[in-house]
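The next block holds one structure in the form of structure tokens; read it before the comments.
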DNA sequence: AATATAATATGATAATTATCATAACTGGAA
DNA sequence: TTCCAGTTATGATAATTATCATATTATATT
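Protein chains in written order, with the UniProt record's numbering: chain A, 1 to 226; chain B, 1 to 226.
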């Protein structure tokens, strides 16, 4: 009985195309790590030489700007692979990957992935599609950044977080981001983000439960985001 | 003697990995089109069922917003492939492709590309790397949109156009974009773009030769863009 | 060449968003 | 508990950018 076989990453990512033998090979070459909230999996400019499977937790891909702000490019969750792009491009990481919630990840060496890529057409197609999906999302984000106001982007992002990560028993968003991180996703100043959350609260679109956020009027948020 | 063999796209794109037999197959399945400046190669939402090789000219990938503005995601030139992403993702095009200068393109059916993808590891790796390159660029653009001012983005874009497309004998930029298109690339209002070009002109960073633009102080533009 | 149409230019103003300042709250460490 | 550091909150103001109005210039069409 090998551990990769039942792993959520095996079920959700490109790795689902691997056959029994390949999964065994995978299990033998992987290394498992635990990453504490706030810690980095890899930093911008580092050569990673492989990909990371996210078994548990939530991570963010971000880039630090000259003025010290951290622009978040993407949030990643259990089941996803990390570091595919720089591995394929043979380049140092363009972004840093840090844990937003405690994470458990496995590292798979590049040689292993390339072997699968060259010998398993379904795997290479899956990997390709996953990068294409990222590209589409990135392009759409880019367009939203230009064509939408900060208010619209906040509404959109709250809905997206709700869709992607779900809610706790108390109906608050499951991913717990700081206001600064949220601002980093929508691309605005932390104060602006806080201010708009206050506004949304007053308009009964959301409710602020301490630092947590509960979506109260999803319909109105959708209308605002469109 | 077959025509694809000497084609610039064959030399520059993922297609460089194809062997003689594959190029013959390619030549037999392709269709050639001429696209007039301003006309579309494909529109957002269309199912393309293949990729387009750009033999000559310049194109733009863009998305129309609700308020009627055309946000340009990427410019493409001779030697590049178009429509890879939606073909791989099995989705209608996310963006429209239109000619910025008269173009000559060849259409390669999806079945052909998939056959190469599954049978030629170097080709699939090249294709993958090309999508990864697009992803990296898109992510960096996204960050620039948030972290840089319109002025910085204009400087950056002018330099990028200069690098990528070169200059005419009179030193003006070779790609001739309207101010509206330029605004669509940097993500701002046309008037703002025009105003800043005026400012740059007064500061002797550029010179406006009718509708054409000549970069006069590249060093200063670089400093401004940083 | 004359006219129409579109592109470029510039001014005035409004809206959006960032920045700086400071206060209130929160969660953890001693 | 009490204090401290970090986060959240809000006000005041400045900077950036969009919008609307209107010239001016270029390009195309008859």
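Think of the CB as a built atom: it goes at the ideal place given N, C-alpha and C, for glycine as much as any other residue.
Just so it is clear, the structure is predicted and the values come from calculations on it, not from any experiment.
Spatially closest choice to residue i from the options, by CA coordinates
i, options, result
"residue 139/B", "201/A, 187/A, 196/A", "187/A"
"residue 167/B", "215/B, 120/B, 142/B, 178/B", "215/B"
"residue 195/A", "6/A, 223/A, 170/A, 179/A", "179/A"
"residue 4/B", "26/B, 14/B, 13/B, 21/B", "26/B"
"residue 185/A", "177/B, 117/B, 142/B, 213/B", "142/B"
"residue 116/A", "10/A, 22/A, 6/A, 12/A", "22/A"
"residue 133/B", "226/A, 94/A, 8/A", "94/A"
"residue 12/A", "86/A, 66/A, 129/A", "129/A"
"residue 58/A", "24/A, 176/A, 125/A", "176/A"
"residue 137/A", "165/B, 86/B, 125/B, 16/B", "86/B"
DSSP beta-bridge partners of residue i
i, result
"residue 109/B", "50/B"
"residue 58/A", "77/A, 101/A"
"residue 96/A", "62/A"
"residue 40/B", "98/B"
"residue 125/A", "Answer is none; residue 125/A lacks a bridge partner."
"residue 233/A", "The requested residue 233/A is not part of the displayed model; chain A covers only 1 to 226."
"residue 11/A", "According to DSSP, residue 11/A bridges with nothing at all."
"residue 169/A", "BP columns for residue 169/A are empty, so no partner."
"residue 82/A", "52/A"
"residue 91/A", "Answer is none; residue 91/A lacks a bridge partner."
"residue 191/B", "Note: residue 191/B sits in no beta bridge, so no partner."
"residue 212/B", "209/B"
"residue 143/A", "According to DSSP, residue 143/A bridges with nothing at all."
"residue 178/B", "According to DSSP, residue 178/B bridges with nothing at all."
"residue 35/B", "103/B"
"residue 134/A", "Note: residue 134/A sits in no beta bridge, so no partner."
"residue 71/A", "63/A"
Same chain, Cβ closer than 6 angstroms to residue i, neighbours up to 5 away in sequence not counted
i, result
"residue 60/B", "72, 75, 98, 100"
"residue 145/B", "187"
"residue 42/B", "48, 93, 97"
"residue 165/A", "174, 175"
Cβ pair residue i, residue j closer than 8 angstroms
i, j, result
"residue 84/A", "residue 18/A", "no"
"residue 147/A", "residue 174/B", "no"
"residue 209/A", "residue 170/A", "yes"
"residue 14/A", "residue 107/A", "no"
"residue 118/B", "residue 121/A", "yes"
"residue 44/B", "residue 63/B", "yes"
"residue 35/A", "residue 105/A", "yes"
"residue 197/B", "residue 135/A", "no"
Cβ-based neighbour list, residue i, same chain, cut-off 8 angstroms, excluding 5 preceding and 5 following
i, result
"residue 38/A", "98, 99"
"residue 218/B", "159, 162"
"residue 202/A", "none"
"residue 207/B", "201, 213, 214, 216"
"residue 192/A", "150, 183"
"residue 66/B", "none"
"residue 224/A", "151, 152, 155, 205"
Nonlocal neighbours in the same chain, by C-beta distance under 7 angstroms from residue i, ignoring five residues either side
i, result
"residue 40/A", "96, 97, 98"
"residue 221/B", "155, 158, 159, 205, 215"
"residue 189/A", "183"
"residue 172/B", "209, 212, 213, 214"
beta-carbon residue i near the ligand SAH non-hydrogen atom, thresh 7 angstroms
i, result
"residue 165/B", "The ligand SAH is not part of the structure shown, which contains no ligands of any sort."
Practice task
Check whether the segment 45 to 62 of chain A touches the segment 70 to 88 of chain A, counting contact only when three or more Cβ pairs, one atom from each stretch, lie closer than 8 angstroms.
Solution key: Yes, they touch.
Practice task
Take every Cβ of the segment 145 to 165 of chain A, pair it with every Cβ of the segment 18 to 33 of chain A, and state whether three or more of those distances are shorter than 8 angstroms.
Solution key: Remark: fewer than three beta-carbon pairs, one from each stretch, lie closer than 8 angstroms, so the segment 145 to 165 of chain A and the segment 18 to 33 of chain A are not flagged as touching.
Exercise for the section: Report yes or no: do three or more beta-carbon pairs, one from the segment 80 to 96 of chain A and one from the segment 85 to 103 of chain B, lie closer than 8 angstroms? Expected result: Not touching, per the Cβ criterion.
Exercise for the section: Inspect the CB distances between the segment 111 to 125 of chain A and the segment 155 to 167 of chain A and report whether three or more fall short of 8 angstroms. Expected result: Two segments are said to touch when three or more pairs of C-beta atoms, one from each, lie closer than 8 angstroms; by this definition the segment 111 to 125 of chain A does not touch the segment 155 to 167 of chain A.
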